[in-house]
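Chemist: Residue numbering for the sequence shown follows the working numbering, beginning at 143 and increasing consecutively. Each residue gets a CB set at the ideal place from its N, CA and C atoms; glycine is no exception. Predicted model, so just to flag it, every value in this text is computed and none were measured. Structure provided below as structure tokens; questions to follow.
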Amino acid sequence: MRIAKAIARAGLCSRRDAERWILAGRVSVNGKILDTPAFTVGPSDRVVVDGSPLPTSQAPRLFLYHKPAGLVTTARDEKRRPTVFAHLPHGLPRVVSVGRLDINSEGLLLLTNDGGLARYLELPATALKRCYRMRLNGPVNPARLARLRHGVAVDGVRYGPMEARLEGPHRGSNLWLVITLREGKNREIRKVMAHMGLQVSRLIRTAYGPFQLSHLPPGAAVEVPPNTLKEKLPGYFSQGLRGQFTTPDHHSSR
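As structure tokens, then:
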């Protein structure tokens, strides 16, 4: 296995970050500091990162985290804004996020110690639904909302089908909308709503695939029991499938 992939599979960081760490001289194999990520390691090789042995591979674990607004989904922020990983509850292992929620969004953020699982959950081919509740300001055109089920193009970018429905009584220009989609493009919902003349004043992710935010308090995290995880994601845990997914450029709690 390539050294960067081995580091990512151990849950320390993404493959891209691992490659940067190697070039920075932070990784050694069998006592020799590497200067290139073009290096293959085997089970008997001793890999050390920042002076500590590479953790052994663990069983995949998944955590549901209620991200509060005001945190960025990254381990380090160049603008020194507060980050998700600096505010995680104590006791969690090293984890990467499944996608992101922007700084002003809140709600369900999935965290895992397994980069392959994170990749599987994000892949368009997996087609997991993401459900959001949002508070909107502006006049709503029900016919335009209904057309979102066919997808929409905004500034040359094509966004996939969305299912949208108004929630509760519609009083004035402030209302709540529930929207479900299967993509996760950057600020997708906010851009589509702005294209329709609507401003999102609050955005909460309530579900990601089979996993629900439910009544999890802001800032709290809970682990999905291993048996439940396998029941809900049989495609990933089927024989011969796990481990075939490469790790994307995730952000880690390291």
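1. Got a sec? Which residues, its chain only, sit under 6 Å from LEU323 by beta carbon, not counting five neighbours each side?
2. Comparing alpha-carbon positions, which option in ILE145, GLY351, TRP163 and MET335 lies nearest ARG344?
3. Alpha carbon to alpha carbon, how far is ASN255 from ARG218? Give it in angstroms, no decimals.
4. Classify VAL214 as buried or exposed, calling it buried when 16 or more other Cβ atoms lie within 10 Å of its own Cβ.
5. What number of angstroms, rounded off, separates the C-alpha of HIS208 from the C-alpha of LEU319?
6. Just the C-alpha distance for ASP177 and LEU165, rounded to the nearest angstrom, thanks.
7. Taking ALA152 as the reference, give the member of VAL191, ARG222, LYS174 and GLU220 with the closest Cα.
8. Considering only the alpha carbon of each residue, which of ASN316, ASP244, ALA148 and THR216 lies closest to PRO281?
9. Can you tell me the Cα-Cα spacing of GLU264 and LEU270, whole angstroms?
10. One question on the structure: do ARG242 and ILE346 come within less than 8 Å of each other, judged by their Cβ atoms?
11. Counting only runs that start and end within the stretch 276-309, where is the beta strand (DSSP E) found for 3 or more residues in a row?
12. Output needed for GLY351: all residues of its chain with C-beta closer than 7 Å, excluding positions within five of it in sequence on either side, in chain order.
13. Residues bridged to ALA354 by DSSP?
14. Where do the ends of the alpha helix (DSSP H) carrying ALA146 lie?
15. Which residues mark the beginning and the end of the beta strand (DSSP E) in which LEU206 is found?
16. Taking its Cβ as the centre, do 16 or more other Cβ atoms sit within 10 Å of LEU331, making it buried, or is it exposed?
17. Where does the unbroken alpha helix (DSSP H) through GLU161 begin, and where does it stop?
18. Three-state secondary structure (DSSP) at LEU375?
19. Would you say the stretch 238-253 touches the stretch 180-199, given that touching needs at least three Cβ pairs under 8 Å?
20. Look at the Cβ atom of ALA363, then the Cβ atom of LEU234, and state whether they are nearer than 8 Å.
21. Just to confirm the assignment: which complete alpha helix (DSSP H) runs, minimum length 4, are found wholly within the stretch 316-343?
22. Rounded to whole angstroms, what is the Cα-Cα separation between GLU161 and ALA260?
23. Determine the DSSP secondary structure at THR220, reduced to helix, strand or coil.
24. Starting from the Cα of VAL169, find the closest Cα among LEU290, ILE149, LEU206 and LEU358 and give me that residue.
25. Tell me, please, which residues DSSP counts as bridged to ARG272.
26. So the candidates are HIS357, LEU358, PHE353 and PRO359; which of them puts its Cα closest to the Cα of LYS372?
27. As a quick exercise: from GLY310, LYS174 and HIS337, pick the residue whose alpha carbon is nearest that of GLY293.
Modeler: This is what the structure holds:
1. Along the sequence shown, one-based indexing puts residue 323 at 181. Answer for LEU323: ARG272 and MET304, listed in chain order.
2. Here residue 344 refers to the residue found at position 202 of the sequence shown. Of the candidates ILE145, GLY351, TRP163 and MET335, the one whose C-alpha sits nearest the C-alpha of ARG344 is MET335.
3. One-based indexing of the sequence shown puts residue 218 at position 76. One-based indexing of the sequence shown puts residue 255 at position 113. Cα-Cα distance, rounded: 18 Å.
4. Indexing the sequence shown from 1 puts residue 214 at position 72. Flag for VAL214 reads buried.
5. As a position in the sequence shown, residue 208 is number 66, starting the count at 1. As a position in the sequence shown, residue 319 is number 177, starting the count at 1. So the two alpha carbons sit approximately 20 Å from each other.
6. What you label residue 177 is simply residue 35 of the sequence shown in a count that begins at 1. What you label residue 165 is simply residue 23 of the sequence shown in a count that begins at 1. In a straight line, the C-alpha of ASP177 is about 5 Å away from that of LEU165.
7. If you number the sequence shown from 1, residue 152 lands on position 10. When each option's Cα is compared against that of ALA152, the closest is VAL191.
8. As a first step, residue 281 is located in the sequence shown; it is residue number 139 there, counting from the start. Residue ASN316 is the option with its Cα nearest to PRO281.
9. Taking the first residue of the sequence shown as position 1, residue 264 is located at position 122. Taking the first residue of the sequence shown as position 1, residue 270 is located at position 128. Taking the straight line joining both Cα atoms gives about 8 Å.
10. Position 100 of the sequence shown, counted from the first residue, corresponds to residue 242. Position 204 of the sequence shown, counted from the first residue, corresponds to residue 346. No.
11. 294-296 and 299-301
12. Stepping through the sequence shown from its first residue, residue 351 is reached at position 209. Within the same chain, GLY351 has close Cβ partners LEU263, LEU270 and LYS271.
13. As a position in the sequence shown, residue 354 is number 212, starting the count at 1. The displayed chain sequence assigns Gln, not Ala, to residue 354. In the DSSP output, where bridge partners are listed per residue, GLN354 has ALA349.
14. Along the sequence shown, one-based indexing puts residue 146 at 4. First-last of the alpha helix (DSSP H) with ALA146: 145-151.
15. The sequence position of residue 206 within the sequence shown is 64, counting from 1. Counting along the chain, the beta strand (DSSP E) containing LEU206 begins and ends at 204-209.
16. Here residue 331 corresponds to residue number 189 of the sequence shown, with the count starting at 1. As written in the sequence, residue 331 is Ile, which differs from the Leu given in the question. With 16 or more Cβ atoms within 10 Å of its Cβ, ILE331 is classed as buried.
17. Walking along the sequence shown from the start, residue 161 turns up at place 19. Per DSSP, GLU161 belongs to the alpha helix (DSSP H) from 157-165.
18. In the sequence shown, counting from the first residue as 1, residue 375 sits at position 233. Three-state result, LEU375: coil.
19. no
20. To locate residue 363, count along the sequence shown from 1; it is residue 221. To locate residue 234, count along the sequence shown from 1; it is residue 92. Yes, the Cβ-Cβ distance between ALA363 and LEU234 is below 8 Å.
21. 330-337
22. The residue you call residue 161 lines up with position 19 of the sequence shown. The residue you call residue 260 lines up with position 118 of the sequence shown. Roughly 19 Å between the two C-alpha positions.
23. Looking up residue 220 in the sequence shown gives position 78. Residue identity differs from the one stated: residue 220 is Glu in this sequence, not Thr. GLU220: coil per DSSP, three-state reduction.
24. Taking the first residue of the sequence shown as 1, we reach residue 169 at position 27. Considering only alpha carbons, the answer is ILE149.
25. By one-based count along the sequence shown, residue 272 stands at place 130. Note: ARG272 sits in a beta bridge opposite LEU323 and TYR350.
26. The count along the sequence shown starts at 1 and reaches residue 372 at position 230. Nearest option by C-alpha distance: PHE353.
27. Here residue 293 refers to the residue found at position 151 when the sequence shown is read from its first residue. GLY293 has its Cα closest to that of HIS337, out of GLY310, LYS174 and HIS337.
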